[in-house]
Each structure stands twice: as C-alpha cells, then as structure tokens.
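The next block holds one structure in the form of structure tokens; read it before the comments.
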Amino acid sequence: MELSRAAALTAPPASCNVPCVLPLGQICVNAAALAAVGLAAVTPGLGLAALLPRTMRRHRWAASPLLGLAWWSAALYLLPFRGGMTVAWGLALAAGAAGLWAGRRRRPPSDDLRPQRRGRRLAAAVLVLGALPYLTPLLVQYAPIGVDATRYPVSARLIAAEGRLPATWDPIEPVVPFGVSNHGAAALAAAATLLGAPATAAVVATQPLAFAGLILAVFLLGRLMAGPLPAAVVAVAVVWSGNCIQTTLSWGGWTTPMGIALGVLSARLIVDLLRRGEVWAAIPAGLVTAAMPLVQGTAAGGWAYAAAPLAAMVGLWVTRRPRRGIVAALAAGGIAGGVLLAYLLVGRPSLSDETVAFIREFQTYHAPKGPYPLRLGRAWLWVIGNGDVLALPALAALAVLLWRRRPLVPALVVAAVALLGMAIVNYDLWVLPGSVVLYPERLIHWGTPLTALPLAAAWRRLGLRRPAWCAAACTGLLLLGLWRNAVYYQPTAWTPAISPAGWRGLLWCRDHLDPRRHCIHAAYETAGMYAPAVAGIYATGCHLHADQCFGIDWSRGRPITHVFRVTPPGASRRHRTAEYERGLARIEAFLAAQAGKVVYADGGIEIIELDRPVPRPRWGPPEPIRVAIENIAATRPGHQPADPPPDARPEGVE
125 MELSRAAALT APPASCNVPC VLPLGQICVN AAALAAVGLA AVTPGLGLAA LLPRTMRRHR
185 WAASPLLGLA WWSAALYLLP FRGGMTVAWG LALAAGAAGL WAGRRRRPPS DDLRPQRRGR
245 RLAAAVLVLG ALPYLTPLLV QYAPIGVDAT RYPVSARLIA AEGRLPATWD PIEPVVPFGV
305 SNHGAAALAA AATLLGAPAT AAVVATQPLA FAGLILAVFL LGRLMAGPLP AAVVAVAVVW
365 SGNCIQTTLS WGGWTTPMGI ALGVLSARLI VDLLRRGEVW AAIPAGLVTA AMPLVQGTAA
425 GGWAYAAAPL AAMVGLWVTR RPRRGIVAAL AAGGIAGGVL LAYLLVGRPS LSDETVAFIR
485 EFQTYHAPKG PYPLRLGRAW LWVIGNGDVL ALPALAALAV LLWRRRPLVP ALVVAAVALL
545 GMAIVNYDLW VLPGSVVLYP ERLIHWGTPL TALPLAAAWR RLGLRRPAWC AAACTGLLLL
605 GLWRNAVYYQ PTAWTPAISP AGWRGLLWCR DHLDPRRHCI HAAYETAGMY APAVAGIYAT
665 GCHLHADQCF GIDWSRGRPI THVFRVTPPG ASRRHRTAEY ERGLARIEAF LAAQAGKVVY
725 ADGGIEIIEL DRPVPRPRWG PPEPIRVAIE NIAATRPGHQ PADPPPDARP EGVE
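Okay, so the sequence shown: first residue is 125 according to this note's numbering, each after it adds one.
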C-alpha cells in the first residue's frame, strides 16, 4: 500500500501538547454563534413571556430563553412543510415585537419599591455570574463536546437546509433515518444556522445555554419560597455543585439539563396556573411542557412521575380560583397534547424490537443492582447524592423547616425522592408507562433542582435576611459551588474534543470531498467521527441514536472511499479509552488489507483515498452501537470475552 510518510507519522512523538485556547478568529465565530443562538431563543421568548402568569412577569427575562427553546422545538413539528423554519422565524419576530410592545405599555407593579428593585438587580447579577463559567467551551472547542453531541450539528444543518424535519440524512447518507428523538436543541441550533452561524459553532453555543437555562429555571422555582437574591444564589450554587448533571458535558448529554430546565419551568407554571387561573398563561405552559420530551425524553420521565403530580398538588392546595385554575391547567394540557400529536403525525415515532431490547439492557447496565429493597435504597441515595456537597446543608434545611413547623417543602422533597427512586428501579419490571425513557442514570439528575427547594425555603427561617448573615451565606454557597464547578465541569470543558490538526483535516474533507459520492471510514471517538457534522460527509464511526441504527440495509449506502487515520500526534483525547484504542486498531487492520494513497497529511492526521471503493456489510449496527452492546454483554454473569479475530489486531498494536 502506498502510504507516504507512514513510518514517520506512526512513531509516537516525545510529547503531544494540544493548545487549549482557540485562535482568535474561531473564538469570534463561536461568539457570533452564541449571539445568534441567544437571539433565536429570546426573540420568540419575549412574545411568549408576555403571556406568563402575573406573578412571573417581573422575571419574564429569566423565562424568555427557555420559552424560545420551546418555540423552536414545537415549530419543527407544527410547521412541517419545506421552509417552515423560515416561517417560524417570521412568526418569532412578530411575537418578539408584540412582547416588547406589551412590556412597554404595562405599568410597573405598585409594590415596586427601591429596595426590591435593588434586590432584583443583585439577583440578576448573580445569575449572570452563574452563567459565565459555562462559556468555557466557546474558548476551547471547535465542535461540541461528547460523542452523543456529534449528531446535533448534523441534525441542525439538515433542518436548516430543508427548513423542516427531514426524513433521512440525505445527502450525507440516505439510508440513515433522521430519527425521532431529541431534536429540540438541534432545532434551536438550526434557527441560529439560518442567521449564518455554522452548525457546529451553533451547537457549541447551545451547551452553555443548557446549564444557564437550568439556573434560570431553578431560580424561578425558588421564587415561590424566597426573595430574588436568595433564590438566585441557591440556584447558581446547586447547579454549580451538581456532580452528575455537570458531567453530562463529557459524553454530550447536556440536553438532559436542558430538558430538566424545561421541566422545572413547567412545574412552576403548573403551580401558578392552578393558583391564579389565568387562561392565557396556558399557552406558554403548554408549549414548555410539550417541548420537554422533544428536547430530552429522559427528562420528561422524571417530570411525569415526580415534578408534575407534586406541582399539581401544590397548585390545588394554594389555589384561589379552583375552577378557573383547573380550566387553565386543562387548556395547557390541551396545547401540550396538540404539539405532541403533531410530533406523532409528522415524526411518526416507532421503535423496532431490537431498539427496545437495546434500550432495556442499557437501562439495566446503569441501574442499581441487588434485591429490590436494596436497589430502591441505592436509588434514593443516588438522587440525594446528586446534590453533592450541598446535600447535607439541604438535609439540615429540611430539619429546620420541620422544627419550625413548615412541613410542606420537606413532604414534597421526600415524596419526589421516593417517586424518582421507584421510577429508577422500574428497569427490571418495565411496568410503568413510558418505561423506554426512564433511564436510571439520568433520572437522578432531578436531584439537583430538588436540592434547591429546602435551601430556598429555609433561608428566611434561618434568619439570613440580615445583611451580614445574608452576605456570608451568599459568599459561602457561591464559593462552594464554584469549587465543585471547577472539579466537575471545567476539566471536560478545557479538554479539546478535536485537536487543531483534526479540525484542519475535517475542513479539508469539507472542501475536497463530495457528500453524494464519498464515504469515510473513521474510528469511533476520533476526530473522524465529526465528518458528518463539519464536512457533511458520512463517516462509519459517527454516533447515531439507537432508533437510527437497527433494521437498516447498510450495503445500500455509499461504499467507503476514504479513510480518516489518526496517529498519536493527532490524538486529542486526554483519557484514551479501550474503545478508542480498539477503533485505531481496526483502522490499521482495514488499511493493511486495502490499497490506497495519502491525499492529506498534517499533524498526525492522514486522509487516504482507496484505489477501489469498499462496500459496507449488509446488516449489523454501526460501530458505536456495537461497542455499547459489547460493553453491556460484558456485565452479564458468566461472560467470557472473546479474542479478536486475527485480522482485527495488527502486529505491534496492543
């Protein structure tokens, strides 16, 4: 095989230092994408915020980004014709203008005194401070972090190109179905792409929005029990401290906190609808509720089995207009049902038996083990432990509330933990409706907003309204949360998902390969898996969702024409996993049996053009799903790992 410079590039270098901070030009591109994503979210959000319940209108700026996310998630299915996203932009501009006009006409509330204005300004400053640490990816990442996130730029660019929900990945790969799950974040990124932002940069910009949106949602929920400043401090501290919810960034699951943010906002809206009975507020409440499963179905599972019933109980307990409140809540449910009906008719979701079996085994793999009482106890500890260092202060706050004879919040927290635990251990029986979305390792993320409830409720009971005590509590919570953010979030955010050499190789593919004729063979967890997102060229190692993998005749797809080879200088992963190493070994084994020539080489990245296209196998899931199946199978009792076939491990590769 003609591989020029192969010997020089195969030898590992003495050191491999990948610069973290992007070039200034790319940082500007990411910043412009953030502005486009923010504009796409806030523009329709302002119009919907004008319909919020009166108790939330003074904080409509905090709800606007999440309302905008709900808008684009629903528009993808409500406007399914070609160019529908452009029409959605026109409606968003009209809604935003109407919201601004309504806000200028509305007189300030009579209790808007100077001390309260000062508290709201301090709260806004704290919320802005809370969002700043999540901007790190804009300074470091060419493409979104995490293998799960690599498919969102593909979805965004396809949605923007057609202006609607596509049926397949055509022109990238027609045999790959577009899928039916988790397109809400991609729809928001597509709206930013229509403004000129690159799809990869737009998705990178939605990652900070996920965590900032969760902070804002927890803040709005905390306002039911505390003033603006305590609610803001508690919201920032608990999100900064959440261990599992922040580490979702590492595997690309940041849509989970985005979906939970919508769920928390929906819970707050349910309480206000039932309490005040404002029928017009059913419109934003219904959109937010419907958008939650469109952004992340696993977040909707925790909402359905814990947040929604408890919010409804609280709303009915404090209602002033029971009949009007129930009518408003039913109207919100009807709007949510209409959006989800459009999703069923347009998206036509269906899961094959193989997909369902894989999801069930995946849930079992991540669930607590042991006899039922033991696994249930472990599930409760998992939910409580997701508060990390603030779990103990939250438990102490519950004790204070009970001592002061305020049992409502403790009862809600205990009930929520119990309900979430029962949903987590459902993996064995699968008796609950919607069991397919009840992923145990993601339901525990609801423990983060739960931690905020007792802390916010006990703030006033602990006498923290005095300036000195309030300042000390604010400083302590924020410093504690910032420390945990530095431990859980920042190490991943500062680790490049793609090295500069890998990014240049992907740009070469974009400029020199044809999406309708070429297909790249790339290893999973390497820069080559980003080829569909960055270059629009299908790569065999790209990440697909479970509903996109099974039952496909892959031989009808494009044959492999190029190989994306990564040698040690081009590696950008800080932790080289076993799957990463096996993927590199498979690429070397494939090249050993094929003839080709190097058409691009730079910094440890080689792109090799094969002399003859190689057909892909007819059946079988692609490499990411196959690796996941192997990992799940390895946990079964009596499993014996099989030795790889002779051609799967070339000489010299361990």
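Using N, Cα and C, we set each Cβ at its ideal position, and we do this for glycine too.
Problem set entry | Rounded C-alpha distance that separates Leu516 from Ala385 | 23 angstroms
Problem set entry | Pairwise C-alpha distance: Cys598 and Val419 | 32 angstroms
Exercise. On the three-state DSSP scale, how would you describe Leu577?
Worked result: helix
Problem set entry | For Gly308, the three-state DSSP class (helix, strand or coil) | helix
Problem set entry | Residue range of the unbroken alpha helix (DSSP H) whose run includes His636 | 624-636
Exercise. For Pro495, does the three-state DSSP call read helix, strand or coil?
Worked result: coil
Problem set entry | Alpha-carbon to alpha-carbon, Gly458 and Met546 | Going by the C-alpha atoms only, they are around 28 angstroms apart.
Problem set entry | Beta-carbon proximity of Thr650 to Leu373, cut-off 9 angstroms | no
Exercise. First and last residue of the beta strand (DSSP E) that includes Pro725?
Worked result: Here residue 725 is Ala; the residue named in the question, Pro, does not match the sequence. Taken as a continuous stretch (DSSP letters only), the beta strand (DSSP E) holding Ala725 covers 720-726.
Exercise. In three-state terms, what does DSSP make of Leu606?
Worked result: helix
Problem set entry | Cut-off 6 angstroms between Cβ atoms - residues of its own chain near Glu730, not counting five sequence neighbours on either side | Arg689, Val722
Exercise. Based on the DSSP output, what are the partners of Thr324 in its beta bridges?
Worked result: Looking at the DSSP output, Thr324 sits in no beta bridge, so it has no partner there.
Problem set entry | As assigned by DSSP and simplified to three states, the class of Cys643 | strand
Exercise. For Leu507 versus Val541, is the C-beta spacing smaller than 9 angstroms?
Worked result: First, the residue type needs correcting, since residue 507 is Val and not Leu in the sequence shown. Yes, Cβ-Cβ distance for Val507 and Val541 is below 9 angstroms.
Exercise. Between Val342, Tyr648, Met653, Ala582, which lies nearest to Arg529 when the distance is taken from Cα to Cα?
Worked result: Per the Cα distances, Ala582.
For this session: Could you name each continuous alpha helix (DSSP H) segment of 4 residues or more that falls completely within the region 362-439, going from the start of the chain to the end?
Result: 367-375, 379-400, 406-419, 421-426
For this session: Just tell me which of Thr575, Leu562, Ser474 has its CA closest to the CA of Val538.
Result: Thr575
Exercise. Is it true that the region 308-319 meets the region 563-577, where meeting means three or more beta-carbon pairs spaced less than 8 angstroms apart?
Worked result: no
Problem set entry | Beta-carbon separation (whole angstroms), Ala452 vs Leu397, contact threshold 8 angstroms | 4 angstroms
Exercise. If you draw a straight line from the C-alpha of Val360 to the C-alpha of Trp504, how long is it?
Worked result: 24 angstroms
Exercise. So, is Asp122 buried or exposed, given that buried needs 16 or more other C-beta atoms within 10 angstroms?
Worked result: Not covered by the structure: residue 122. The range shown for the chain is 125 to 778.
Problem set entry | Beta carbon of Leu215 nearer than 9 angstroms to that of Trp404 | no
For this session: With a 10 Å radius around its C-beta and 16 neighbouring C-beta atoms as the bar for buried, classify Leu272 as buried or exposed.
Result: The sequence shown places Asp at residue 272, rather than the Leu named in the question. Answer is buried; the Cβ neighbour count reaches 16.
For this session: On the DSSP bridge assignment, give the partners of Pro301 in chain order.
Result: Thr292
Problem set entry | Pro381 to Phe335 span [Cα, whole Å] | CA-to-CA, the gap between Pro381 and Phe335 works out to about 6 angstroms.
For this session: May I ask you to report which of helix, strand or coil DSSP gives Val738?
Result: strand
Exercise. Considering only C-alpha positions, which residue in the set Trp375, Ala430, Val463, Trp378 is nearest to Ile407?
Worked result: Minimum Cα distance to Ile407 is reached at Val463.
Exercise. Between Ile339 and Ala284, is the Cβ-Cβ spacing less than 9 angstroms?
Worked result: Annotated as distal: Ile339 and Ala284, with beta-carbon spacing of 9 angstroms or more.
Exercise. Taking the continuous alpha helix (DSSP H) assigned at Val533, which residues delimit it?
Worked result: The continuous alpha helix (DSSP H) containing Val533 extends over residues 532-548.
Exercise. Using the rule of at least 16 other Cβ atoms within 10 Å of the residue's Cβ for burial, across every protein chain shown, is Val145 buried or exposed?
Worked result: exposed
Exercise. Taking C-alpha atoms, which residue in Arg392, Cys368, Thr371, Glu286 lies nearest to Met349?
Worked result: When each option's Cα is compared against that of Met349, the closest is Arg392.
Problem set entry | Start-end ranges of the alpha helix (DSSP H) lying completely within the region 464-533, minimum 4 residues | Runs of the alpha helix (DSSP H) inside the region 464-533: 477-490, 496-509, 515-527.
For this session: Evaluate contact between the region 185-198 and the region 162-174, counting only Cβ atoms and requiring at least three cross-stretch pairs below 8 angstroms.
Result: yes
For this session: Determine the direct distance from the alpha carbon of Val658 to that of Gly208, and round the result to whole angstroms.
Result: 24 angstroms
Exercise. Counting pairs of Cβ atoms below 8 angstroms between the region 287-306 and the region 470-478, do you hit three or more?
Worked result: Between the region 287-306 and the region 470-478, the count of C-beta pairs closer than 8 angstroms reaches three or more; the two stretches touch.
Problem set entry | Beta carbon of Ser279 nearer than 9 angstroms to that of Ala313 | yes
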